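Okay, structure first, notes after.
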Amino acid sequence: MPAGECSFCAIGAGEQPGHVVLSDEVAVAFLDTRPVFKGHVLVAPRAHVETLPDLPPPEVGPFFERVRSVTAAVEQGLEAGGTFVAMNNRISQSVPHLHVHVVPRNRKDGLRGFFWPRTTYDDPAEAEAYALRIRKALDPNP
Numbered sequence: 001m002p003a004g005e006c007s008f009c010a011i012g013a014g015e016q017p018g019h020v021v022l023s024d025e026v027a028v029a030f031l032d033t034r035p036v037f038k039g040h041v042l043v044a045p046r047a048h049v050e051t052l053p054d055l056p057p058p059e060v061g062p063f064f065e066r067v068r069s070v071t072a073a074v075e076q077g078l079e080a081g082g083t084f085v086a087m088n089n090r091i092s093q094s095v096p097h098l099h100v101h102v103v104p105r106n107r108k109d110g111l112r113g114f115f116w117p118r119t120t121y122d123d124p125a126e127a128e129a130y131a132l133r134i135r136k137a138l139d140p141n142p
């Protein structure tokens, strides 16, 4: 996808303004324009891919090394007590380019766990049925 068609690619190419905190051959990281808290950073792979499964396996490790570095830098540089690190794949992904959110956190900052309602399994058998479906998708021939 040409950089002009993807705002994250355009930021990485220097064609669109962004408050870049890291830029190398693997990833570009920049401040979110609608942060949960000030200092909220998005880390995106340099190559245009839409979701985590689309990222080629050899690029996963180097990309997450950048996520790890940015996470440490957000905590240290902002004197944050911790971070919330998350990613969406397709659903709730406002820009269709893989990116990881690194959000600075402090105790009593008002953010309560996850941003969505939680549920429960009806019983252990239902939980096991979901686990089995995922195991089969990971290894169809166990």
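Quick note on full-length UniProt numbering: the sequence shown kicks off at 1 and runs consecutively. We treat Cβ as the ideally placed atom computed from N, Cα and C, and that holds for glycine. As the structure is a prediction and not an experimental result, all values here were calculated from the model.
Integer-rounded CB distance, given that residue j should sit under 8 Å from residue i
i   : j   : result
S7  : V95 : 6 Å
H97 : A44 : 6 Å
V85 : T71 : 6 Å
Within 9 Å, strictly: CB atoms of residue i and residue j
i    : j   : result
G18  : V28 : yes
V103 : R66 : no
L42  : L52 : no
H46  : G12 : Residue identity differs from the one stated: residue 46 is Arg in this sequence, not His. Cβ distance < 9 Å, so R46 and G12 count as in contact.
V20  : A73 : no
R105 : F63 : no
Terminal residues of the beta strand (DSSP E) in which residue i lies
i   : result
F84 : 82-86
V26 : Neither: V26 is in no beta strand (DSSP E) and is coded neither H nor E.
Residue interval of the alpha helix (DSSP H) (run including residue i)
i    : result
E128 : 124-138
Worksheet entry | At least three beta-carbon pairs within less than 8 Å, the stretch 81-89 to the stretch 102-109 | yes
Practice prompt. Mind listing, in chain order, the continuous beta strand (DSSP E) runs of no fewer than 3 residues lying wholly within the UniProt domain "HIT" (7-112)?
Written response: 20-23, 27-31, 41-45, 82-86, 100-105
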